[in-house]
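Heads up: the structure comes next, in C-alpha cells.
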Amino acid sequence: METETTPNIPTESHGHGMNGTDKGRAAIKSQFLTTKEKFHEILDSGGNGPNDDKASDDAGPKETAEDSLEEPQEKKLKVDPAEQERMGKQDSKRMRGQNKSRPHMKPTSYDNRRLCPSIIQERETKCVYGDKCKFIHDVAEYMALKPADVGEHCYLYDTFGKCHYGLSCRFARAHISADLKNLANEERAKAMVGRTPVRNSLDKDLQWRLRKKVVPFTASDAYMKTIFKGGHKAGEGWKKAATAENVDNCCSAVVHSQCSEGENPQTSDNQGTEVSQENLARVKTIGPLTDADVIKLRQCEKKQVDFKDKLYLAPLTTCGNLPFRRICKRFGADITCGEMAMCTNLLQGQSSEWALLKRHESEDLFGVQVEGCFPDTMTRCAELLNNKIDVDFVDINSGCPIDLVYKKGGGCGLMTRTNKFEQIIRGMNSVLDVPLTVKIRTGVQEKANIAHKLIPEMKKWGVSMITLHGRSREQRYTKSADWDYINTCSQLASPIPLFGNGDILSYYDAMKARETDVSGIMLARGALIKPWVFTEIKERRDWDISSSERLDVLRDFTHYGLEHWGSDTQGLEKTRNFLLEWLSFMCRYIPVGLLERVPQKINERPPYYMGRDYLESLMASQHVGDWIKISEMLLGPVPKNFNFLPKHKANAYK
Numbered sequence: 003m004e005t006e007t008t009p010n011i012p013t014e015s016h017g018h019g020m021n022g023t024d025k026g027r028a029a030i031k032s033q034f035l036t037t038k039e040k041f042h043e044i045l046d047s048g049g050n051g052p053n054d055d056k057a058s059d060d061a062g063p064k065e066t067a068e069d070s071l072e073e074p075q076e077k078k079l080k081v082d083p084a085e086q087e088r089m090g091k092q093d094s095k096r097m098r099g100q101n102k103s104r105p106h107m108k109p110t111s112y113d114n115r116r117l118c119p120s121i122i123q124e125r126e127t128k129c130v131y132g133d134k135c136k137f138i139h140d141v142a143e144y145m146a147l148k149p150a151d152v153g154e155h156c157y158l159y160d161t162f163g164k165c166h167y168g169l170s171c172r173f174a175r176a177h178i179s180a181d182l183k184n185l186a187n188e189e190r191a192k193a194m195v196g197r198t199p200v201r202n203s204l205d206k207d208l209q210w211r212l213r214k215k216v217v218p219f220t221a222s223d224a225y226m227k228t229i230f231k232g233g234h235k236a237g238e239g240w241k242k243a244a245t246a247e248n249v250d251n252c253c254s255a256v257v258h259s260q261c262s263e264g265e266n267p268q269t270s271d272n273q274g275t276e277v278s279q280e281n282l283a284r285v286k287t288i289g290p291l292t293d294a295d296v297i298k299l300r301q302c303e304k305k306q307v308d309f310k311d312k313l314y315l316a317p318l319t320t321c322g323n324l325p326f327r328r329i330c331k332r333f334g335a336d337i338t339c340g341e342m343a344m345c346t347n348l349l350q351g352q353s354s355e356w357a358l359l360k361r362h363e364s365e366d367l368f369g370v371q372v373e374g375c376f377p378d379t380m381t382r383c384a385e386l387l388n389n390k391i392d393v394d395f396v397d398i399n400s401g402c403p404i405d406l407v408y409k410k411g412g413g414c415g416l417m418t419r420t421n422k423f424e425q426i427i428r429g430m431n432s433v434l435d436v437p438l439t440v441k442i443r444t445g446v447q448e449k450a451n452i453a454h455k456l457i458p459e460m461k462k463w464g465v466s467m468i469t470l471h472g473r474s475r476e477q478r479y480t481k482s483a484d485w486d487y488i489n490t491c492s493q494l495a496s497p498i499p500l501f502g503n504g505d506i507l508s509y510y511d512a513m514k515a516r517e518t519d520v521s522g523i524m525l526a527r528g529a530l531i532k533p534w535v536f537t538e539i540k541e542r543r544d545w546d547i548s549s550s551e552r553l554d555v556l557r558d559f560t561h562y563g564l565e566h567w568g569s570d571t572q573g574l575e576k577t578r579n580f581l582l583e584w585l586s587f588m589c590r591y592i593p594v595g596l597l598e599r600v601p602q603k604i605n606e607r608p609p610y611y612m613g614r615d616y617l618e619s620l621m622a623s624q625h626v627g628d629w630i631k632i633s634e635m636l637l638g639p640v641p642k643n644f645n646f647l648p649k650h651k652a653n654a655y656k
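If you read the sequence shown in our numbering, its first letter stands for residue 3, the second for the next number, and so on.
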C-alpha cells in the first residue's frame with residue numbers, strides 16, 4: 003500500500019531563475035516563473051484574456067469550493083491541547099501526513115431522493131417493499147428533483163448498447179425516449195453477450211456463507227495442525243521438505259516421491275503428515291477425474307509467471323483503483339495489482355473490501371495484495387482467494403508504514419516478527435496454486451536495515467518474487483530511495499526475481515535503476531504523477547505531453563469510472579472524488595518544455611509557474627478549488643453541498 007507525507011511547497015516568488023541549486027525545488031525556465039499572488043489571480047480571471055461571462059461562471063463553483071476548503075480545526079489538533087503542551091515539540095511530526103479529520107461526504111449524501119431500483123430496471127413485478135420502500139416510485143416527482151444532465155452522450159450506452167442506470171443516469175437524454183423508457187442498441191448489446199469485462203465480483207451466496215462462517219477451509223486447517231502439533235520443532239521436517247521442493251525444478255510426481263525419500267532421511271518421519279494434509283485438501287468430485295483431483299501441486303508445478311524485465315504498477319491505496327489501472331495498462335504497464343485488502347475483512351465478506359479484488363479484462367498479468375498479521379487468517383484468506391477469484395499471483399503486504407497496520411503487527415511489523423512471517427508465507431504457499439510474492443521495505447528504523455537478512459530466509463520459505471522499497475518505515479517517503487542497498491539485496495535474492503521500487507519518475511531514473519541487478523521496476527508515485535511514464539520508459543524518450551492530451555487522459559478516467567462506479571449521481575460523484583484524489587498527485591507534474599534541467603526529480607517540488615496555456619497553468623495549481631474546476635469540465639457542476647479535501651495535505655490550501 004502506498005501512502006505518503008508531503009512537505010510544504012515554498013510560497014516565495016521567482017526572485018531569480020532556477021538553476022537547480024535550490025535543494026528540493028525543480029529547475030524551471032525563468033520566463034515561466036511567477037508569484038503565488040499573480041498565479042492565482044490569472045487562474046481566477048480565467049486566463050490571460052479574461053472573459054466576463056467565463057469569469058462569472060467560474061465564480062459560482064469557486065465560491066462553493068472555497069467555502070468548503072477551510073482547513074478543519076480538528077486536523078490541526080490530533081492530540082488534546084493539554085497533552086500537546088505536555089509532550090512539547092516531539093509531537094511535531096504527528097502534525098504531518100494524512101488529513102484524518104477531513105470532512106468526508108459519502109456519495110449517497112448527494113442523492114438522498116433516489117428512484118426505486120424496480121423502476122430503474124423496468125421490472126414487470128412491483129416493488130416488494132410496497133409503501134414501506136424508502137425510494138421514490140413516482141417518475142414525474144423524481145424527474146423534477148433530479149439534477150440536470152451532465153452531457154449529451156452516455157458512455158455506457160455508446161459502449162455496451164444499454165445503460166442499466168436508466169432514468170437515474172446523469173446522461174439519460176442519450177437513451178431515454180419521450181415516454182420515459184430506457185432505449186437499447188440491440189446490435190451493440192448483442193455483441194457484448196457472453197463478455198465479462200470485470201471479474202472477481204463477490205456473489206451474494208458466498209457473502210452469506212462467509213458471514214455465517216460456514217465456508218470450509220480444509221487445507222488451511224490441515225496446515226495449522228502442522229504448526230501447533232507438538233510445538234515449533236514438530237514442523238521442522240515439513241519445512242525441510244518444503245525447502246527441497248522450492249529448489250527442485252523437476253515437475254513430475256515421480257521425482258517428487260524420490261525427493262521425499264532421497265537425500266534427507268531425517269524428513270521421512272514427517273512425510274505422513276504431509277500426505278495426510280494432501281488427503282485432507284483433496285476435494286471429491288463427481289464426473290471426469292482430473293489430475294488436480296488426485297495430485298497436489300508442488301511449488302515447481304504451480305502456475306509460472308515471467309516477472310523478468312516487467313514494469314510493475316504498485317498497489318496504491320485509494321488511487322490505485324480499477325479505472326486508474328486501466329489508464330496505466332493503456333500506457334504500457336505490464337503488471338498490475340489491486341489495492342491492499344485486509345484479510346479479516348475479506349473473510350467477513352465485506353463488499354467494499356472485495357471490490358478491491360476486481361480485475362478488468364485488459365489486465366493480463368494481475369495480482370491482489372493482502373494484509374494480515376496471523377498465519378491462520380492469512381492462510382484461510384489465501385485458500386478463499388485461490389478457490390473463488392481469478393488472479394495470476396497473490397502478494398503479501400509487508401511494507402505498509404501506517405500506524406493502524408503496523409501496531410497490530412502487520413505491514414512493516416511482519417519484518418520484525420520472523421516466526422509469524424515464516425508461518426504466513428509457508429501457509430499461504432501450501433494452499434495457493436499461483437505464485438506468492440512479498441513486498442517489503444529496507445527495515446523499520448532508518449539506519450537499521452534488515453531486508454538483507456530476511457531475503458535469504460524468504461527464499462527458503464518459498465516466495466516467488468520479492469519487491470523492495472528502498473526506504474525504511476521511519477523514512478516513509480522522505481529522502482531518496484537507497485538503490486545501492488536494493489542492488490545488494492537483489493544479488494542476495496538471486497535466482498528469485500527482486501523488483502526495485504522508489505523515486506522512478508522518468509526514463510532516466512528507470513535506466514539508472516536497470517543498471518543494478520534488479521529483475522524489474524515497480525512504479526508508485528511516479529505513475530500517479532504521470533501515468534505516461536510507462537510509455538516514456540518503453541520508448542526511451544521524454545514525452546512533452548500537452549495539456550489537452552492530459553485532459554483527454556482524465557476524460558478517459560472519468561469514462562472508466564462511470565463504467566465502474568455507475569453513471570447515476572452516486573457513481574458520478576464517486577468518480578469525481580477519486581479523480582480529485584488523483585489530481586492531488588498529478589498537479590506535481592512539470593511539463594518537459596518548461597524545465598531548465600531534464601528530467602524532473604520526484605522529490606523536487608515546483609515553484610509557482612505559468613504554463614504555456616491556461617489549461618496547463620490550471621493543471622499546475624496545488625489548490626483543491628482548481629482541481630474542482632477541472633472535474634467540472636468533465637463531470638459537470640458539483641452539488642451545492644459538495645465538500646472535498648484530499649487524503650494527503652499536499653498544500654491544497656492557498
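We treat Cβ as the ideally placed atom computed from N, Cα and C, and that holds for glycine.
Looking at the structure shown, is residue i part of a helix, part of a strand, or coil, going by DSSP?
i: A453; result: helix
i: K677; result: With the chain represented from 3 up to 656, any question about residue 677 goes unanswered, as that position is not in the structure.
i: H625; result: coil
i: F501; result: strand
i: N605; result: coil
i: F34; result: helix
i: S633; result: helix
i: F587; result: helix
i: L147; result: helix
i: N389; result: helix
i: M380; result: helix
i: N489; result: helix
i: V256; result: Any answer about V256 is weak, because its pLDDT of 33 lies below 50 and its placement is not dependable; what the coordinates show is given next. Three-state result, V256: helix.
i: R516; result: helix
i: M89; result: In this prediction, M89 scores a pLDDT of 46, lower than 50, which makes its location untrustworthy; the coordinate-derived value is nonetheless stated afterwards. Helix.
i: M612; result: coil
i: K78; result: Reliability of the predicted coordinates at K78 is poor, the pLDDT of 41 falling under 50, and the value obtained from them is presented with this limitation in mind. If DSSP states are grouped into helix, strand and coil, K78 belongs with the helices.
i: N184; result: strand
i: M344; result: strand
i: G233; result: In this predicted model, G233 has a pLDDT of only 48, less than 50, meaning its place in the structure is not dependable enough to derive any value.
Nearest to residue i by alpha carbon, out of the options?
i: F536; options: L636, T571, L313 and Q624; result: L313
i: E551; options: L564, A512 and P593; result: P593
i: F2; options: Q624, I604 and H566; result: Nothing can be reported for residue 2, as the shown portion of the chain is limited to 3 through 656.
i: D366; options: E189, V200 and F559; result: V200
i: F309; options: F587, Y112 and V520; result: V520
i: E143; options: L182, D160 and A450; result: L182
i: R327; options: F559, E43, C156 and I30; result: F559
i: I44; options: K227, A180 and D628; result: D628
i: V626; options: L358, N451, T36 and M588; result: M588
i: L117; options: E126, H139 and E124; result: H139
i: V396; options: E373, I531 and V130; result: E373
i: N643; options: S466, S482 and K108; result: K108
i: E541; options: E575, A191, L386 and A335; result: A335
i: W463; options: E476, L438 and Y479; result: L438
Per DSSP, which residues does residue i bridge with? Please list them.
i: C339; result: G369
i: T469; result: K441 and F501
i: V200; result: H362
i: F395; result: G369
i: L313; result: I523
i: I138; result: L117
i: S400; result: I442
i: L597; result: I30
i: I2; result: Summary: the structure shown does not reach residue 2, with the chain confined to residues 3 through 656, and so no result is reported for it.
If I'm right that residue i touches residue j with Cβ under 8 Å, what's the distance once you round it to whole angstroms?
i: G351; j: L204; result: 7 Å
i: C345; j: C383; result: 4 Å
i: C339; j: Q371; result: 6 Å
i: V446; j: M417; result: 6 Å
i: L581; j: V152; result: At roughly 14 Å, the Cβ-Cβ gap does not stay under 8 Å, so L581 and V152 are not in contact.
With a threshold of 8 Å between beta carbons, is residue i in contact with chain C?
i: D46; result: Absent here is chain C; the protein component of the structure consists of one chain.
Kindly confirm or deny that the region 498 to 511 and the region 469 to 483 touch, where touching means at least three C-beta pairs closer than 8 Å.
-> The region 498 to 511, when compared against the region 469 to 483, does touch it at the 8 Å Cβ threshold.
Does the region 151 to 171 come within contact of the region 557 to 574, defined as at least 3 CB pairs closer than 8 Å?
-> Touching, per the Cβ criterion.
Is the region 322 to 335 close to the region 372 to 381, with three or more CB pairs under 8 Å?
-> Remark: fewer than three beta-carbon pairs, one from each stretch, lie closer than 8 Å, so the region 322 to 335 and the region 372 to 381 are not flagged as touching.
Give a yes or no on contact between the region 439 to 459 and the region 485 to 500, applying the rule of three or more CB pairs nearer than 8 Å.
-> Counting Cβ pairs under 8 Å, three or more are found: they touch.
Contact between the region 206 to 219 and the region 605 to 615: three or more CB pairs below 8 Å?
-> Too few Cβ pairs lie closer than 8 Å, so no.
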